[in-house]
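Each remark here refers to the structure printed beneath this line.
There are 2 protein chains.
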Amino acid sequence: MRIGILGTGTVGQTFGTRLRNLDHDVTLGARETGNPRAVEWAEAHAAQCGTFADAVAGADLVINATAGQYAVNALEMAGGNAALAGKVVLDVSNPLDFGSGELRLTVCNTDSVGEQLQRAFPDARVVKSLNTVNGSVMVEPSLVPPPHTIFIAGEDPSAKEVVIGLLGQFGWAKGSVLDLGGIKESRGMEMYMPLWVSIMRALDGNLAFNINVVQG
Amino acid sequence: MRIGILGTGTVGQTFGTRLRNLDHDVTLGARETGNPRAVEWAEAHAAQCGTFADAVAGADLVINATAGQYAVNALEMAGGNAALAGKVVLDVSNPLDFGSGELRLTVCNTDSVGEQLQRAFPDARVVKSLNTVNGSVMVEPSLVPPPHTIFIAGEDPSAKEVVIGLLGQFGWAKGSVLDLGGIKESRGMEMYMPLWVSIMRALDGNLAFNINVVQG
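In order, the protein sequences belong to chains A and B.
Quick note on our numbering: the first sequence kicks off at 1 and runs consecutively.
Quick note on our numbering: the second sequence kicks off at 1 and runs consecutively.
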């Protein structure tokens, strides 16, 4: 697949590297062209880089790996609804703000980044997934002993199928994917973040963990 | 132990019945004396009932099983800081509001019920636990196949030990209890509720589920 990644941070690069290892065509998109991190990464991985718009332009699938609070703005810069129309947008972001010294979500309870994106770009096929684990686990679930659960939410069933296919390539078994329903379920997935941080601290900073849903 | 339960709803009665079966001395506390649900339950289970203040007065351990948004008020009615001083207060509540037709938390992100209680009643030994599972699972974890995780948070280590002892009587193995730290960690535990509701719906309404924390 031709995949455009928005965001050149750790998560964006982690996706890029894993997707190149799976032989996908990858363009890493930054706010400005010539971003040194993006250029360096692209050279090292035989991939492309450019602006957010460059990353979206030729892509079959767009991955939003920007910080959640800037996601709508990044996708606007990428060309907005016209550029995104019909494309699958996998949103793995969280609206984390540690500015006060402790975690605050910049949106929660009555809205979420996933919903904001689908509202702002109604013709994009937004799918929320992977935001409930660390970037390393997102693309390499075997870092955590099975079984454990990954959530997915979105309005478009065929877009979710595309994402589930990609998750499978990363190593997420079909049985580990729990479909929560429409994009509104992003709310719970993002509001899990404070508990995620608490658990991570209780595990002495180990990032390689996840939760497994067990039912009786 | 002499245990006072605040709240005569399903959760309060579920705790009361389980604690009576474990041979604890139980007083079920209601907003007003003579509450018919409380009287009927107490007669059926050889237990006491009365006001919130009656439930707290003789108790070694107080369980807050009121709705989270009314918890501070209920503990005020029970006698406030003076009546609660030195007592272990196990808060199992969540600030759920379905009034708009969808779930909203009445407090989140920058505060939580657990923190509100500890702030309002500084001499109480508040411990947050069990709020991340359905009432039936709280007192009977074997309803869900092991292993799965229960969280605990609070400022007072010895109060947490008392609660962990009670959890053990319910069937929560020591290895299933994950101590998240101080009472501020209530925030993540309560903000998990929207995801809990989403999971419950994805499991076709099954309430007998929980999450297991797995680390690599």
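From the three backbone atoms N, C-alpha and C, an ideal C-beta is built for every residue, glycine too.
Listed in chain order, the non-local C-beta contacts of Leu207 of chain A below 8 Å within the same chain comprise Asn134, Ser136, Val137, Met200, local neighbours out to five positions each way being set aside. Within the model, the alpha-carbon separation for Thr14 of chain B versus Gln69 of chain B is close to 20 Å. DSSP places Lys87 of chain B outside both helix and strand once states are collapsed to three, so it counts as coil.
Listed in chain order, the alpha helix (DSSP H) elements of length 4 or more contained wholly in the segment 169-204 of chain B are 186-191, 193-202.
Where Thr27 of chain A is concerned, the enclosing beta strand (DSSP E) starts and stops at 25-30. The beta carbon of Gly58 of chain A sits closer than 6 Å to the beta carbons of Arg2 from its chain, once the five residues preceding and following it are set aside; these are given in chain order. As summarised for the segment 82-138 of chain B, the continuous alpha helix (DSSP H) elements at least 4 residues long and confined to that stretch are 113-120, given in chain order. Cβ neighbours of Gly34 of chain A within its own chain (closer than 8 Å, five residues either side excluded): none.
Taking the CA atoms as reference points, Leu203 of chain B sits about 20 Å from Asn131 of chain A.
When rounded, the separation of the alpha-carbon atoms in Pro122 of chain B and Ala74 of chain B is 16 Å. In the DSSP assignment, Val56 of chain A falls outside any beta strand (DSSP E) and within the unbroken alpha helix (DSSP H) covering 52-57. Note: Gln13 of chain A is not bridge-paired with any residue in the DSSP secondary-structure output. In the three-state DSSP reduction, Leu61 of chain B falls in the strand class (E or B).
At a cut-off of 9 Å between beta carbons, Thr14 of chain B makes no contact with chain A. Less than 9 Å divides the Cβ of Val89 of chain B from the Cβ of Ala124 of chain B. A contact between stretches requires three or more CB pairs, one per stretch, nearer than 8 Å, and the segment 173-187 of chain B fails this requirement with the segment 16-27 of chain B. For the C-beta of His148 of chain A, the chain B residues within less than 7 Å are, from N- to C-terminus, Val214. The bridge partners DSSP lists for Ile152 of chain B are B:Ser129, B:Asp179.
For Tyr70 of chain A, there are no neighbours in chain B by C-beta distance under 7 Å, as the nearest C-beta there is about 19 Å away. For a Cβ distance threshold of 9 Å, residue set Leu195, Ser198, Ile199, Arg201, Ala202 of chain B lies close to Leu180 of chain A, ordered along the chain. Short of 8 Å from the beta carbon of Glu115 of chain B, and not among the five residues preceding or following it, lie these beta carbons of its own chain, in chain order: Ile183, Lys184, Ser186, Arg187. Here the alpha carbons of Gly16 of chain B and Thr27 of chain B stand approximately 8 Å from one another. Of the other Cβ atoms in all chains shown, 16 or more fall within 10 Å of the Cβ of Glu190 of chain B; this residue is therefore buried.
Excluding five sequence positions before and after Asn64 of chain B, the CB atoms of its chain that fall closer than 8 Å to its own CB belong to Leu6, Gly7, Ala71, Ala74, Leu75, Val89, Leu90, Asp91, Val92, Ser93, Leu117, given in chain order. Bounds of the alpha helix (DSSP H) holding Asn73 of chain A are 71-77. For Glu185 of chain B, the C-beta contacts it makes with chain A under 7 Å involve Ser198, in order along the chain. According to the DSSP assignment, Val213 of chain A belongs to the beta strand (DSSP E) that extends over 209-215. Cβ contact annotation for Trp172 of chain B (same chain, cutoff 7 Å, sequence separation greater than five): Pro141, Ile150, in chain order. Glu102 of chain B and Gly205 of chain B have their C-alpha atoms spaced approximately 16 Å apart.
Think of a sphere of 8 Å around the beta carbon of Arg104 of chain A: the chain B residues whose beta carbon falls inside it are Asn109, Thr110, in chain order. If you draw a straight line from the Cα of Val139 of chain A to the Cα of Phe170 of chain A, it is about 5 Å long. 9 Å or more divides the Cβ of Val197 of chain B from the Cβ of Ile211 of chain A. Cβ-Cβ distances below 6 Å link Ser112 of chain A to Ser186, Arg187, Glu190 in the same chain, with the five nearest sequence neighbours on each side left out; the list follows chain order. By alpha-carbon distance to Arg119 of chain B, the top candidate from B:Gly154, B:Leu195, B:Leu167 is B:Gly154. Taking a contact as a CB-CB distance under 8 Å, the pair Val144 of chain B and Gly4 of chain A does not count as one, their CB atoms being some 41 Å apart. Just so you know, the alpha carbons of Pro36 of chain B and Ala46 of chain B end up roughly 15 Å apart.
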